[in-house]
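Student: Dropping a structure here in structure tokens format, bear with me for questions.
Protein chains: 2
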Amino acid sequence: MQARHSGDTSSGKRIVISVDAMGGDRGPAAVVDGMAASAKKNPEIGFIVHGPRAELEPLIEKRKLGSRCEIRDAERVVAMGDKPSHVMRQGKGTSMWSAIEAVRGGDAQAVVSCGNTGALMALSMVRLRKLEGVNRPAIACLWPSRNPGGFNVMLDVGADIRADQDDLLQFALMGTSYARNGLGLERPRVGLLNVGTEEHKGRAELKVAHDLMADAAPAGQFDFVGFVEGGDIPSDRVDVIVTDGFTGNVALKTGEGTAGLIRDLLGEAFRYTPLSRVAALLALTSLKRLQKRIDPRRVNGGVFLGLNGTVVKSHGSADATGFSAAIKLAYRLAESGFNQRLAARVASAGAHRQDTATETSGESR
Amino acid sequence: MQARHSGDTSSGKRIVISVDAMGGDRGPAAVVDGMAASAKKNPEIGFIVHGPRAELEPLIEKRKLGSRCEIRDAERVVAMGDKPSHVMRQGKGTSMWSAIEAVRGGDAQAVVSCGNTGALMALSMVRLRKLEGVNRPAIACLWPSRNPGGFNVMLDVGADIRADQDDLLQFALMGTSYARNGLGLERPRVGLLNVGTEEHKGRAELKVAHDLMADAAPAGQFDFVGFVEGGDIPSDRVDVIVTDGFTGNVALKTGEGTAGLIRDLLGEAFRYTPLSRVAALLALTSLKRLQKRIDPRRVNGGVFLGLNGTVVKSHGSADATGFSAAIKLAYRLAESGFNQRLAARVASAGAHRQDTATETSGESR
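In the order they appear, the protein sequences are chains A and B.
Its first residue numbered 1, the first sequence is counted upward by one per residue in the working numbering.
Its first residue numbered 1001, the second sequence is counted upward by one per residue in the working numbering.
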């Protein structure tokens, strides 16, 4: 459903994706199956895959990926329960560390992992480092919506638990760049999440961020639609929803939880009587159509924005279809030169803000 | 679906609900229709209804509510766009003001309004005042869930945009009292909303609130389940979800928006082909069963907790069925003597905390 990006891409050249094969709930077999699905659809893709060689080699051979795929042996695995601070200090030798290093060294253009989110963010921060001018990186997710493309972008959904007014402005710029390169939207509409659209509602820093975004919109080539509410997240009045990582994470999980409840209740409703079971059989195609439209596996992949390298976090419970979707997203972003574009955008906005002397914070500028 | 509360109620005595007939999207006719539906089901209920007499009298007569219903003439109406601060100063003579006064004066046991939420909260604060010992009142909503009763309680969903650790503890106590009297749960399970269940995640004040709630659980007669995430809001591992009003409001509207999107996509899926339209006809009963289970009209009614009087906020777009649900909730709370019980609970917790010398903040204690 997403139009292929039509920018000045490096088409024809092989794009290499670095894959952390370990740490997912379904183990490395699901990951390698996802790689195989992507390789089949896309002749330009190559892989560097990280994990215990003895475990990976038979999987790669079985899927006949040998010619497209280099294995980098990494015996250690980051577990779901590991603390990010611990992984940051002790993570060397893990498949996650190795996968990030391949991007850091320039051997791959993007990394995909379905491991522990906190650890992946922490390791990515330490090894790839923040982009010049970025204070607080963010995780952006895709959200099923009423828009023609089928998805909106929301950030931050959990890289950090706070964000001040300057961070929120940067999220708007980074989200714009992501929507343009990831979803093919020329001029994304950006909204700032708040509890009401009236001017007298909401937190003080949100009012300041509101004005900063309105000012930055013309130069940033996005349309600022002002405050949006939770109900607007899946709507067609906005493409990019900006919020802090605490609120964004709660909203994301609330949306997932609500969709899950409705899916289960729908199933119950159709199992209620023998007649409704017959109806369910007849309705199967329609229900599958709905399922496909909101299938979380199709929107799999949170992207870390604001680092020197593209990092895609696949869902921990992703199956082959889900992991393949995450690889597709990583490929698309790598192909469009997304990270260089994002860096240029943040740098020019930083310069612009310095020019206009509104610079108030600037830890890393 | 909710078991009738079996406490020491004032059964047999008429319970009077004060109704603000104005300010809803569908006008006073829908409100009076909702009153008629409630009156029909419940012979013990009486009403004082507020608004322009000339407009209300024919509606009341048409529904034959004359013997059950007193009209209090109020010419002015609070509009949806009115600022709460303005209504606080200039609200005298509005139907909303008049409706609250009837509870303040003891003529009615609870008030129901579908007007402007901010104005209703502000007026209720000023006229009814906060309960002794309550620092920050909260709005509690019912959320469709996997629990046997069908609903969970979440608070605060928008009374205020912030809450510190002591406020969150009070929300836990008030939510417990509401779940006991409103949903008939003897020993509610309370969870604190956060972005992760691991000990190293989340905001500092949430960690403190976590420990305060764990300490207060035995005396407060609730079970503290610790941190919960957005995905747990509709789950069956918790009955009461505690959070600040900003996060709660975003979560509530995100849930509503997600449910709305799925409902629309389900409709689309069933209109897709002639065959799917036939399937939809056969599936109609099942789909209606689902619709009934998550019908927002059935869970209509945010309750303001922490004031000297029970205030139920009906949805602005509520129809007669929705408004009748809000009246039912108000009746149920009035009948159970909820507000006196809540006051006693907060007071005893305050005394307990003073005893244990952990009292740190206390604007109104």
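All C-beta atoms, glycine included, are put in the ideal place defined by N, C-alpha and C.
Do you know how far the Cα of residue 256/A is from the Cα of residue 1233/B?
Tutor: If you take the alpha carbons of residue 1233/B and residue 256/A, they lie about 11 Å apart.
Student: Can you pull the DSSP bridge partners for residue 1073/B?
Tutor: BP columns for residue 1073/B point to 1051/B.
Student: Return the CA-CA distance between residue 1236/B and residue 1227/B, expressed in angstroms with no decimal places.
Tutor: Taking the straight line from one Cα to the other gives about 14 Å.
Student: Could you list the residues in the region 1135–1169 of chain B with a C-beta less than 8 Å from some C-beta on chain A, going in chain order?
Tutor: Cβ contacts with chain A: 1144, 1145, 1146, 1158, 1161, 1162.
Student: Based on Cα-Cα distance, which residue from 66/A, 78/A, 39/A, 64/A lies nearest to residue 21/A?
Tutor: The option with the nearest alpha carbon to residue 21/A is 78/A.
Student: Using only alpha-carbon positions, find the residue among 341/A, 32/A, 240/A, 221/A that is nearest to residue 321/A.
Tutor: Among 341/A, 32/A, 240/A, 221/A, the Cα nearest to that of residue 321/A belongs to 32/A.
Student: Which bits of chain A does residue 1234/B rub up against, with CB to CB less than 7 Å?
Tutor: Going along chain A in sequence order, the residues near residue 1234/B (Cβ under 7 Å) are 257, 258, 261.
Student: Are there 16 or more other CB atoms within 10 angstroms of the CB of residue 1085/B, so buried, or fewer, so exposed?
Tutor: By the 10 Å Cβ count, residue 1085/B comes out exposed.
Student: Give the list of continuous alpha helix (DSSP H) stretches no shorter than 4 residues that lie fully inside the region 63–116 of chain A.
Tutor: List check, alpha helix (DSSP H) in window: 84–90, 95–104.
Student: Give, in chain order, every residue of the region 1174–1207 of chain B whose Cβ lies closer than 7 Å to some Cβ of chain A.
Tutor: Under the 7 Å Cβ criterion, the region 1174–1207 of chain B contributes 1193, 1195, 1200, 1202, 1203.
Student: By the criterion of Cβ-Cβ separation under 8 Å, what are the contact partners of residue 230/A in chain B?
Tutor: Correct list: 1249, 1250, 1251, 1252, 1253, 1254, 1255, 1256, 1257.
Student: Could you tell me if residue 67/A is buried or exposed, where buried requires 16 or more neighbouring beta carbons within 10 angstroms of its beta carbon?
Tutor: Exposed, because fewer than 16 other Cβ atoms sit within 10 Å of the Cβ of residue 67/A.
Student: If we require 3 or more residues per run, which beta strand (DSSP E) segments fall completely within the region 1110–1197 of chain B?
Tutor: Qualifying beta strand (DSSP E) stretches, in chain order: 1110–1113, 1138–1144, 1151–1155, 1189–1193.
Student: Taking only beta-carbon positions, decide if residue 246/A is within less than 8 Å of chain B.
Tutor: Interface residue, yes.
Student: With a threshold of 16 other CB atoms inside 10 Å of the CB of residue 105/A, please say whether the residue is buried or exposed.
Tutor: The residue in question, residue 105/A, is exposed, as its Cβ has fewer than 16 Cβ neighbours within 10 Å.
Student: For residue 122/A, which residues in chain B fall below 7 Å Cβ to Cβ?
Tutor: The contacting residues do not exist; residue 122/A stays about 11 Å from chain B at best.
Student: So what does residue 1304/B bridge to, in DSSP terms?
Tutor: Partner(s): 1139/B, 1311/B.
Student: State the DSSP-derived secondary structure class of residue 224/A, mapped to helix, strand or coil.
Tutor: Looking at residue 224/A - three-state DSSP - the assignment turns out to be strand.
Student: Please indicate yes or no: does the CB of residue 1308/B lie closer than 7 Å to some heavy atom of the ligand ADP?
Tutor: As far as ligands go, the structure on display features none, and thus does not contain the ligand ADP.
Student: Tell me the rounded alpha-carbon separation between residue 131/A and residue 125/A.
Tutor: Taking the straight line from one Cα to the other gives about 10 Å.
Student: Check whether the Cβ atoms of residue 1110/B and residue 1305/B lie closer than 8 Å to each other.
Tutor: No; because the gap between Cβ atoms is not below 8 Å, this pair is not in contact.
Student: For residue 212/A, count the other beta carbons within 10 Å of its own beta carbon; 16 or more makes it buried, fewer makes it exposed. Which is it?
Tutor: Flag for residue 212/A reads buried.
Student: So the candidates are 1311/B, 1338/B, 1340/B; which of them puts its Cα closest to the Cα of residue 1326/B?
Tutor: Out of 1311/B, 1338/B, 1340/B, 1311/B has the C-alpha closest to the C-alpha of residue 1326/B.
Student: Going by DSSP, what residues sit across from residue 262/A in a beta bridge?
Tutor: Residue 262/A pairs with nothing; no bridge assigned.
Student: Taking all protein chains shown into account, decide if residue 1192/B is buried (16 or more other Cβ within 10 angstroms of its Cβ) or exposed.
Tutor: Residue 1192/B should be labelled buried.
Student: Chain B beta carbons: is any one of them nearer than 8 Å to that of residue 53/A?
Tutor: No, no contact with chain B.
Student: Taking the C-alpha atoms as reference points, what is the distance between residue 223/A and residue 239/A?
Tutor: Straight-line Cα distance between these residues: approximately 10 Å.
Student: Please report the residue range of the beta strand (DSSP E) in which residue 1242/B lies.
Tutor: Unbroken beta strand (DSSP E) run through residue 1242/B: 1240–1242.
Student: Give the DSSP bridge partners of residue 1019/B, in chain order.
Tutor: In the DSSP output, where bridge partners are listed per residue, residue 1019/B has 1049/B, 1112/B.
Student: Output needed for residue 1366/B: all residues of its chain with C-beta closer than 6 Å, excluding positions within five of it in sequence on either side, in chain order.
Tutor: No information on residue 1366/B is available, as it lies outside the stretch 1001 to 1365 that chain B covers here.
Student: Using a Cβ-Cβ cutoff of less than 8 Å, which residues in the same chain neighbour residue 24/A once the five nearest sequence positions on both sides are dropped?
Tutor: The answer, listed in chain order, is 30, 31, 114, 115, 314, 316, 317, 318, 323.
Student: Does residue 1336/B come out as helix, strand or coil in the three-state DSSP assignment?
Tutor: Residue state, collapsed to three classes: coil.
Student: Quick test of your reading: residue 1155/B and residue 1307/B, contact by CB under 8 Å. State the CB separation rounded to the nearest angstrom.
Tutor: Contact flag wrong, Cβ pair sits at about 13 Å.
Student: Enumerate in chain order the residues of its own chain whose CB-to-CB distance from residue 94/A is below 7 Å, with the five nearest sequence positions on each side excluded.
Tutor: Only 74, 76, 77, 78 meet the Cβ criterion.
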